[in-house]
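Notes to accompany the following structure.
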Amino acid sequence: MYAIVNIAGKQFKVTKDQSVYAPLMQGEAGASVEFDQVLLADDNGTVSIGAPILEGAKVSGKILDHVKGDKVIVFKKKRRKGYKKKNGHRQNYTKVLIENITL
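Take the sequence shown: its position 5, counting from 1, is numbered 36 in our numbering, and each next residue is one higher.
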């Protein structure tokens with residue numbers, strides 16, 4: 032059984048007992064969260080497609096931790112002008128454990 036769910040504007044294919052790195056959400060580690068924007072669900076070969084979301088379908092999970100992603104280097108340069116700019120960025124994510132999918 033799996034579902035495609037919209038979490039903070041991004042779509043994830045989730046199954047039970049799976050960890051997902053979603054964009055940063057409010058809440059502390061250990062808090063339970065519920066996502067009701069389920070776009071598609073598969074229950075042992077029976078596929079349910081929402082238009083645009085499935086009514087009554089929910090995905091529940093638990094926030095495990097707030098983490099940072101890998102560092103991305105932003106390097107800007109203009110040739111022959113002596114202009115160089117180096118900058119780094121680390122995106123914040125929330126690690127969510129998917130506990131249950133309800134149709």
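Note that the Cβ used here is the ideal one computed from N, Cα and C, for glycine as well.
These figures come from a predicted structure and were not determined experimentally.
What's the call for residue i, buried or exposed, on a 16-neighbour Cβ count within 10 Å?
i: leucine 85; result: buried
i: alanine 82; result: exposed
i: alanine 39; result: exposed
i: phenylalanine 106; result: exposed
i: isoleucine 132; result: buried
Would you mind reading off the limits of the beta strand (DSSP E) that contains residue i?
i: alanine 72; result: 69-74
i: glycine 61; result: Looking at the DSSP string, glycine 61 is not in any beta strand (DSSP E), and its letter there is neither H nor E.
i: aspartate 96; result: 89-99
i: proline 83; result: From DSSP, proline 83 is part of no beta strand (DSSP E); its letter is neither H nor E.
i: glutamine 49; result: First-last for glutamine 49: undefined, no H or E at that position.
i: lysine 109; result: 103-109
i: glycine 119; result: 114-120
i: alanine 34; result: 33-38
i: leucine 134; result: Unbroken run through leucine 134: none, as it is neither H nor E.
In its own chain, which residues sit with a C-beta less than 8 Å from the C-beta of residue i, not counting the 5 before and 5 after it?
i: alanine 60; result: Ile94, Leu95, Asp96, His97
i: aspartate 48; result: Leu128, Ile129, Glu130
Assuming residue i and residue j make a contact with CB atoms under 8 Å, what is their CB distance in whole Å?
i: tyrosine 114; j: proline 54; result: With a Cβ gap of about 33 Å, tyrosine 114 and proline 54 do not count as contacting.
i: serine 91; j: serine 63; result: 7 Å
i: valine 45; j: leucine 70; result: Contact doesn't hold; Cβ gap of about 11 Å is too wide.
i: glycine 119; j: isoleucine 104; result: 6 Å
i: lysine 99; j: glutamine 122; result: 7 Å
Which residues in the same chain as residue i place their Cβ atom closer than 7 Å to its Cβ, once the five residues preceding and following it in sequence are excluded?
i: lysine 108; result: Tyr114, Lys115
i: glutamine 135; result: Because the chain in this structure spans residues 32 to 134, residue 135 falls outside the shown range and cannot be described.
Using C-beta distances below 6 Å, list every residue in its chain close to residue i, excluding the 5 sequence neighbours before and after it, in chain order.
i: methionine 56; result: Thr125
i: lysine 117; result: Phe106
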